[in-house]
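**Q**
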Amino acid sequence: MAQTITEKILAFHAGLDTVEPGQLIEAQVDIALANDVTAPIAIAEFGKLGVEKVFDDERVLLIPDHFTPNKDIKSAEQAKILRDFAKKQELKNYFEIGRVGIEHVLLPEKGLVLPGDLIIGADSHTCTYGALGAFATGVGSTDLAAAMATGKVWLKVPETIKVVYHGKLSPWVEGKDLILHTIGILKVDGALYQALEMMGETIESLPMYGRMSMANMAIEAGAKNGIIAPDEITLDYVRSRAQRDYTLFASDADAVYHKTIDIDVSKIRPQVAYPPLPDKSRSVDLAAADKIAIDQVVIGSCTNGRIEDFRLAASLLKGKKAAPYMRLLIIPGTQDVYRQMIKEGLTDIFLDAEALISPPTCGPCLGGHMGVLAAGERAVATTNRNFVGRMGHPESEVYLSNPAVAAASAILGRIATPEEVL
Amino acid sequence: MNTIQGKAWKFGDDVDTDAIIPARYLNTSDPLELAKHCMEDADTGFASKVKNGDIIVAGKNFGCGSSREHAPMSIKAAGVACVIAPTFARIFYRNAFNTGLLILESGEAAKAIEAGHEVAVNPADGTIDDLTSGQQYKAQPVPEFMRKLLDDGGLIEHWRKRLA
C-alpha cells in the first residue's frame, strides 16, 4: 500500500507494516521533551505513575528556555523542579543556563533530533523537527508524562495535505514568507488534525534554516505535524551532528493525500502577518503602504533564531541605526549561534545599530520577559504568533515577518520593505 | 457523571491559549492561581463573573496555539463544567481529556446557544439542552478509544494500571 512519509514513520514506530488515516496507534517515541513551563506539570504527573525511572535517560530532554534566565521567584521555582528531576533521574540531556538555547534551535543543532524520528514535545512548536524528515508533534504535559515513563504515545494517524512549491524565490523572500503565505491560504485551522507535507522544486533548494521556519509554523495552520522529506541538504546538516543512527523515509509517488495545494513562489513577496492571527498575512508592500509605526523589533525565536537569520538582518543593519525610540532586540537561538555571531562580526553590526543583544531565551515571544509590550505599543517580530496579548499587554500588537523585513522596520521605525533601506 | 447545568458564556472563533491563560501567568502551575486569570485576554473579569457549573460556548478551533495544559486546567479550576464548540485545536482536545475538562463538539449548539442561556449537558450521551430556548442538540460522540481512557480514570490512571 502506498504511503506518505508521515504514515511510514508512524507505522515504523508502531511496529506495523502500514497504517492509514484515522487509525489509532500506540507508538514508540525516540525523543520526549519539555520546557520550564510544561515540564513541572509533566514531572508531577510522572510522579503519580508509580515508576522510578524515565524510560531512557538519553531520550527524555529538559530544556528550560521560556522564563530563563529566571525572570522572578516563581519562575526560579519552576526551573528548579526541572533541575532537581534531571539530577535525580541522571538525565543526559538537561541544559543549564550557559548551555541552554531555544529548544527548537538547540536540539537540531546538537543532533539530538534526527530524520525518521518520532518526537513528542510539551511545546506546540515541536513540529519544527519535521524539517529534518521526522514526525514531530506537540502534546500537553500529561501525554508527555506518560511518554517519559513508558516511551510510548497514542496517536491518531493524520490525513496529509500536500503543499507543492515551485518557481524561484524573489529577493528577500525566505522560508518564513512561504509558510506565512501558506497559512494565509489554509487559515489557522485549515490543517486541523492533519499532516502538512511540504515539497516541490523550491523546497528542494531551500536551506535547512528556511525549512525549519516552515515546519515550525505548521501548528499555526492547526496541523499535527509539518514535514519535509530528507534529502542531500538535510544530510549535509545532520551528518556531522548526529549522535546516533537515523532512518530516511520518503512518501511513495502514489501515496494518497487529503488534498494538494500548488503554490507558485515567484509571485510571493515578503509577508507580514497582521494581528491577531498568523493567517492574516499580506505582502510587505501593502503593509509598508499602511505606514504602521512600531515601537519594538524582535529578531530571534524558534522560527528565526538561527545564524542565517542574523546574517540576513545584519546585511541590512550594517552601518545603520535603529530609529529613535525603537527598541531593537536581537536574540540568538543558542550559545553556538551567539558565538558565531561574534566570530562573523554580526554582534558589532548589531551593537553599532544600537540593538540590545539578549541571551538565548523564548522571552518576549510569549510575553514572558526581556521585552514585553505596554498598552498601545506595536512590534514587528520574527516569531510565530501574534495573538492578542502575545507579547505583553492585551492592547499591544505583534506583526510577524522575516528577519529582513524586521531589520528594515527597525531602521525606519515603521513596517518597511527591505528595499527601502538599501 | 451527573447532568451539568449552568449559564452559557459565549466566545468567538479561534480562541487561542494565550487568551485562555496568558503566558505572563505561566510561571506557576497552581490551578487556583491559573483560574484567577482564566479567559482574561478575551473577557476581562470572566474569572470573577463565572459561576461554578457554567458552560463556555465558543466558535471553531477553540484552544488553538500553545500546548500549555494550563489552559484546560485554568478553565476547569475557574468552575467551568463544559466547553461546547464546533471544533477544538488538537493539542487542546487531548489536554482537555487528560485534565478531566469535559468538551463537546457541536456546531449547531455552538451557533444557536446565546449568551446567558441556561444550558444542561448530559456527559453520558452528549445531549445538550438549551433550557432557555427549548432546543436540544446532540454532540459528536466521544471516540471509543478516549472513552476507554476516561473509563480508566484518565491517561495516567490507565498507564498506572498497565504498569502495575
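Those sequence lines, one after another, are chains U and A.
Here the first sequence stands for residues 2 to 423, where the numbers follow the working numbering.
Here the second sequence stands for residues 282 to 445, where the numbers follow the working numbering.
All C-beta atoms, glycine included, are put in the ideal place defined by N, C-alpha and C.
Can you list, in chain order, the residues of its chain with a C-beta nearer than 8 Å to that of V389 (chain U)? Leave out the 5 residues immediately preceding and following it.
**A** P276, P277 and P395
**Q** What residue ranges within the region 365-406 of chain U form continuous beta strand (DSSP E) runs of no fewer than 3 residues, ordered along the chain?
**A** 379-382 and 398-401
**Q** CA-CA distance, P333 (chain U) and L374 (chain U)?
**A** 20 Å
**Q** I'd like to know whether the C-beta atoms of V61 (chain U) and L92 (chain U) end up nearer to each other than 8 Å.
**A** Against a cut-off of 8 Å, the Cβ pair of L92 (chain U) and V61 (chain U) comes out as a contact.
**Q** In the DSSP output, which residue or residues are listed as bridge partners for N308 (chain A)?
**A** DSSP output for N308 (chain A) lists no bridge partner at all.
**Q** Quick one, which residues of the region 330-347 of chain A are near chain U if we go by CB-CB under 8 Å, in chain order?
**A** K341, N342, C345, G346 and S347
**Q** Going along the region 43-65 of chain U in order, which residues come within less than 7 Å of chain C, judged by CB to CB distance?
**A** The question asks about chain C, but that chain is absent: this structure's protein chains are U and A.
**Q** Give me, in chain order, the residues of the same chain whose beta-carbon lies closer than 6 Å to that of I300 (chain U); leave out the 5 immediate sequence neighbours on both sides.
**A** A314, I331, T383, P404 and A407
**Q** Give the DSSP bridge partners of E27 (chain U), in chain order.
**A** U:W155
**Q** Is there at least one Cβ from chain U nearer than 8 Å to W290 (chain A)'s Cβ?
**A** no
**Q** Relative to the alpha-carbon of A304 (chain A), which residue among U:P116, U:L63, U:K72 and U:L352 has its alpha-carbon at the smallest distance?
**A** U:K72
**Q** Quick check: is the beta carbon of R428 (chain A) nearer than 8 Å to any beta carbon in chain U?
**A** no
**Q** Taking Cβ-Cβ distances below 7 Å as the criterion, which residues of the region 188-211 of chain U are in contact with chain A?
**A** V189, D190, L193 and Y194
**Q** How long is the line joining the alpha carbons of V154 (chain U) and L83 (chain U), rounded to whole angstroms?
**A** 21 Å
**Q** Taking the beta strand (DSSP E) that W290 (chain A) belongs to, which residues open and close that run?
**A** Run containing W290 (chain A): I285 to K291, per the beta strand (DSSP E) assignment.
**Q** Between which two residues does the beta strand (DSSP E) containing S182 (chain U) stretch?
**A** Correcting the residue identity first, residue 182 (chain U) is His in this sequence and not Ser. Not the beta strand (DSSP E): H182 (chain U) falls in the alpha helix (DSSP H), residues G176 to L187.
**Q** In terms of alpha-carbon separation, which member of U:P159, U:G141 and U:I228 lies closest to I180 (chain U)?
**A** Selected option, being the one with the closest Cα: U:I228.
**Q** Could you tell me which chain U residues have their CB closer than 8 Å to the CB of A300 (chain A), listed as they occur along the chain?
**A** F388, V389 and G390
**Q** Report the partner residues of K163 (chain U) according to the DSSP bridge assignment.
**A** U:E198 and U:T261
**Q** At a CB-CB cut-off below 7 Å, which residues of chain A make contact with L25 (chain U)?
**A** F426
**Q** Tell me, which residues are paired with C345 (chain A) by DSSP?
**A** A:D297
**Q** Could you tell me whether the Cβ atoms of E198 (chain U) and T5 (chain U) are closer together than 8 Å?
**A** yes
**Q** Does T19 (chain U) come within less than 8 Å of chain A when only Cβ atoms are used?
**A** No, no contact with chain A.
**Q** So the candidates are A:N308, A:S387 and A:A445; which of them puts its Cα closest to the Cα of I337 (chain A)?
**A** A:S387
**Q** Indicate whether G141 (chain U) and S348 (chain A) have their beta-carbon atoms separated by less than 8 Å.
**A** yes
**Q** Can you tell which of U:I416, U:R245 and U:A132 has its C-alpha closest to the C-alpha of E59 (chain U)?
**A** U:R245
**Q** Looking at C-alpha atoms only, which residue of A:I437, A:I394 and A:L412 is the closest neighbour of A339 (chain A)?
**A** A:I394
**Q** For T39 (chain U), go through chain A and note every residue whose CB falls closer than 8 Å to its CB, in chain order.
**A** S348, R349 and E350
**Q** For R328 (chain U), which residues of its own chain have a beta-carbon under 6 Å away from its beta-carbon, when the five flanking residues on both sides are left out?
**A** Counting only Cβ-Cβ distances below 6 Å, and skipping sequence neighbours, we find Q297.
**Q** Give me the DSSP bridge partner(s) of F136 (chain U).
**A** U:L119
**Q** Using a Cβ-Cβ cut-off of less than 7 Å, give me the residues of the region 116-135 of chain U that come near chain A, in sequence order.
**A** Interface annotation for the region 116-135 of chain U against chain A: A123, D124 and S125, criterion Cβ-Cβ distance under 7 Å.
**Q** In the DSSP assignment, what are the bridge partners of I229 (chain U)?
**A** Per DSSP, none; premise fails for I229 (chain U).
**Q** Considering just the uninterrupted stretch of the beta strand (DSSP E) at T408 (chain A), what are its terminal residues?
**A** T408 to D411
**Q** What residue range does the alpha helix (DSSP H) around C303 (chain U) cover?
**A** Per DSSP, C303 (chain U) belongs to the alpha helix (DSSP H) from S302 to N305.
**Q** Name, please, each residue of chain U whose Cβ falls closer than 8 Å to the Cβ of L444 (chain A).
**A** Within chain U, the residues near L444 (chain A) are L50, G51, V52, A150 and T151.
**Q** Please report how far the alpha carbon of P41 (chain U) lies from the alpha carbon of E421 (chain U), in whole angstroms.
**A** 46 Å
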